[in-house]
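To start, the structure itself, in structure tokens.
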Amino acid sequence: MTDITKNEKEAWSGGEKPFVASYGKLMMWFFLVSDALTFSGFLSAYGFMRFKYSHLWPVAEDVFTHFPFLKGDHPLLFVALMTFILIMSSVTMVLAVNAGNKNDKKGVTLWMLVTIIGGFAFLGSQAWEWGHFIHGDKGGIELPNHEIVHVVDEDEHFYSIYDLVGVDSYADDVNITIDDVKEALAQRPDLGIRLTDKSVVSDAAAQAYLNNAEVVLGANLIRNEYGHQLFANFFYFITGFHGFHVFSGVVILIVIFINVIKGTYERRGHYEMIEKVGLYWHFVDLVWVFVFTFFYLV
Amino acid sequence: MSEQTGTWWIWRVFWILLIVTAVEVILGIIKPAVLIDNSFLGTTLLNLIFIVLTIIKAAYIVMEFMHLGHEVKGLKLSILLPAVVLIPYLVFILLTEGHYIFGTL
Numbered sequence: 064m065t066d067i068t069k070n071e072k073e074a075w076s077g078g079e080k081p082f083v084a085s086y087g088k089l090m091m092w093f094f095l096v097s098d099a100l101t102f103s104g105f106l107s108a109y110g111f112m113r114f115k116y117s118h119l120w121p122v123a124e125d126v127f128t129h130f131p132f133l134k135g136d137h138p139l140l141f142v143a144l145m146t147f148i149l150i151m152s153s154v155t156m157v158l159a160v161n162a163g164n165k166n167d168k169k170g171v172t173l174w175m176l177v178t179i180i181g182g183f184a185f186l187g188s189q190a191w192e193w194g195h196f197i198h199g200d201k202g203g204i205e206l207p208n209h210e211i212v213h214v215v216d217e218d219e220h221f222y223s224i225y226d227l228v229g230v231d232s233y234a235d236d237v238n239i240t241i242d243d244v245k246e247a248l249a250q251r252p253d254l255g256i257r258l259t260d261k262s263v264v265s266d267a268a269a270q271a272y273l274n275n276a277e278v279v280l281g282a283n284l285i286r287n288e289y290g291h292q293l294f295a296n297f298f299y300f301i302t303g304f305h306g307f308h309v310f311s312g313v314v315i316l317i318v319i320f321i322n323v324i325k326g327t328y329e330r331r332g333h334y335e336m337i338e339k340v341g342l343y344w345h346f347v348d349l350v351w352v353f354v355f356t357f358f359y360l361v
Numbered sequence: 003m004s005e006q007t008g009t010w011w012i013w014r015v016f017w018i019l020l021i022v023t024a025v026e027v028i029l030g031i032i033k034p035a036v037l038i039d040n041s042f043l044g045t046t047l048l049n050l051i052f053i054v055l056t057i058i059k060a061a062y063i064v065m066e067f068m069h070l071g072h073e074v075k076g077l078k079l080s081i082l083l084p085a086v087v088l089i090p091y092l093v094f095i096l097l098t099e100g101h102y103i104f105g106t107l
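Residue numbers (the working numbering), protein chains in the order written: chain G, 64 to 361; chain C, 3 to 107.
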């Protein structure tokens with residue numbers, strides 16, 4: 064690169080790269096900046112509503128508790144696995160870029176293929192996570208003032224409404240009414256209802272709270288058994304928008320993978336396209352780092 | 003832009019990301035009482051640790067994996083400045099306001 068101040072006339076005739084980066088890479092960077100601001104807008108809006116309704120907001124470790132093939136509660140474990148999958152696919156993406164810089168077609172092919180598999184693994188995990196979130200975990204009770212409360216045991220851990228009334232949560236047409244819950248709760252003096260101010264009521268006081276209440280099973284955009292409705296809405300919107308980015312990333316990776324096999328970049332003499340899709344793929348990982356912290360940890 | 007040779011630096015970043023994530027998950031599961039009972043800047047020490055660790059991870063991804071740390075200064079600044087100025091500003095305003103209208107409406 065020549066110094067643009069040294070020879071102004073030559074610089075104005077075009078062809079200079081003040082950032083020593085190609086047009087395509089620069090535009091990818093500027094797109095990613097705007098996308099980063101979009102995501103931070105969503106996550107800040109999430110924070111805004113979380114601060115406003117902090118007393119009604121569910122605790123993540125009561126919501127995301129499942130792990131495939133394991134019984135019982137394992138908070139954070141599955142989302143840690145998802146994070147690992149995404150970090151791993153980021154690493155294989157850098158390895159593909161690295162191979163591309165050496166014009167090593169075999170290396171690029173191998174590492175891109177591994178990255179695509181990682182992308183599909185992440186999408187599959189997210190589908191599993193959504194499936195469990197939609198189906199619900201232990202069930203909630205919506206009071207007439209629309210606050211969500213839960214049945215708890217003596218240690219104040221959530222107790223499953225399905226277990227309380229003795230219904231299999233994966234049976235066809237599960238239908239639990241509030242009268243079923245009241246009746247079952249009357250037989251179980253060890254259980255209580257945890258209110259939104261974290262106090263626990265039992266026996267007659269609990270029965271009084273359940274008058275005109277409703278059972279909520281699962282979560283969607285209208286009802287949410289875990290707590291405040293906006294938690295579910297933000298969860299679907301933000302993880303959905305991120306998942307859509309992952310999906311588009313996988314599609315772009317596949318298109319470029321096909322071009323690598325066809326030898327398009329070998330004929331072109333450089334593998335810069337791998338760097339560009341790599342930037343996008345790392346950005347998806349970057350966003351997930353923040354989603355992971357603000358949805359699952361904080 | 004400086005070219006790094008070999009792949010050792012990729013695995014170095016991988017181990018850093020993996021260990022930081024593992025620390026986050028372990029802290030999130032055991033939730034040490036001393037970090038929850040003490041707060042600073044309006045949130046618990048545990049949450050502040052999570053946020054600092056997250057920013058460390060983000061810095062490694064952007065600077066090493068996305069190679070921004072090895073680009074020229076002008077490119078670095080034009081990518082980083084909008085993000086590090088606007089995002090904390092927006093977060094500050096929205097969280098302050100959200101806290102202020104807590105329990106209203």
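Ideal placement from N, C-alpha and C gives every residue a C-beta, glycine not left out. Please read all numbers here as calculations on a predicted model, not as lab measurements.
The beta carbons of residue 247(G) and residue 227(G) sit closer together than 8 angstroms. Sequence-distant partners of residue 276(G) (beyond 5 residues in either direction) whose C-beta falls short of 7 angstroms from its own C-beta, in its chain, are 204, 205, 206, 207, 241.
Each of 140(G), 83(G), 136(G), 157(G) was checked against the Cα of residue 346(G), and the nearest Cα belongs to 157(G). At a cut-off of 8 angstroms between C-beta atoms, residue 101(C) counts as an interface residue with respect to chain G. The beta carbon of residue 208(G) does not come within 8 angstroms of any beta carbon belonging to chain C, so the residue lies off that interface. Closest in C-alpha terms to residue 314(G), from the list 178(G), 91(G), 151(G), comes 178(G). Contact of residue 86(C) with chain G is not assigned, every C-beta pair being separated by 8 angstroms or more.
Contact with chain C is absent for residue 294(G), since none of that chain's Cβ atoms lies less than 8 angstroms from the residue's Cβ. Contact between the region 340 to 360 of chain G and the region 63 to 82 of chain C is present, with at least three C-beta pairs closer than 8 angstroms. Note on geometry: alpha-carbon atoms of residue 91(C) and residue 39(C) lie some 28 angstroms from one another.
Distances from the CA of residue 63(C) to each of 87(G), 144(G), 86(G), 149(G) were compared; the closest alpha carbon is that of 149(G). At a beta-carbon threshold of 8 angstroms, the residues of chain C lying near residue 112(G) are 100, ordered along the chain. For residue 246(G), the enclosing alpha helix (DSSP H) starts and ends at 241 to 249. In the structure shown, residue 274(G) falls within a coil segment according to DSSP collapsed to helix, strand and coil. By the Cβ test, the region 103 to 114 of chain G is in contact with the region 293 to 302 of chain G, since at least three Cβ pairs between them sit closer than 8 angstroms. Looking at the DSSP output, residue 287(G) shares a beta bridge with 282(G). Where residue 352(G) is concerned, the enclosing alpha helix (DSSP H) starts and stops at 335 to 354. Of 258(G), 331(G), 128(G), 337(G), the smallest CA-CA separation from residue 191(G) is found for 128(G). Separation of residue 329(G) and residue 166(G) (C-alpha to C-alpha, rounded to the nearest whole angstrom) is 7 angstroms.
For the 8 angstroms CB-CB criterion, residue 95(C) and residue 103(G) do not form a contact.
Close CB contacts of residue 65(C) within its chain, under the 7 angstroms cut and outside five residues either way in sequence, are with 71 (chain order). Interface flag for residue 65(C) against chain G is unset, since no Cβ pair is found closer than 8 angstroms. Leaving aside the five residues that flank residue 243(G) on each side, the residues in its chain whose CB is nearer than 7 angstroms to its CB run, in chain order, 228. Between residue 312(G) and residue 182(G), the C-beta gap is smaller than 8 angstroms, which places the two residues in contact.
Across the structure, residue 189(G) and residue 163(G) are spaced so that their CA atoms are roughly 30 angstroms apart.
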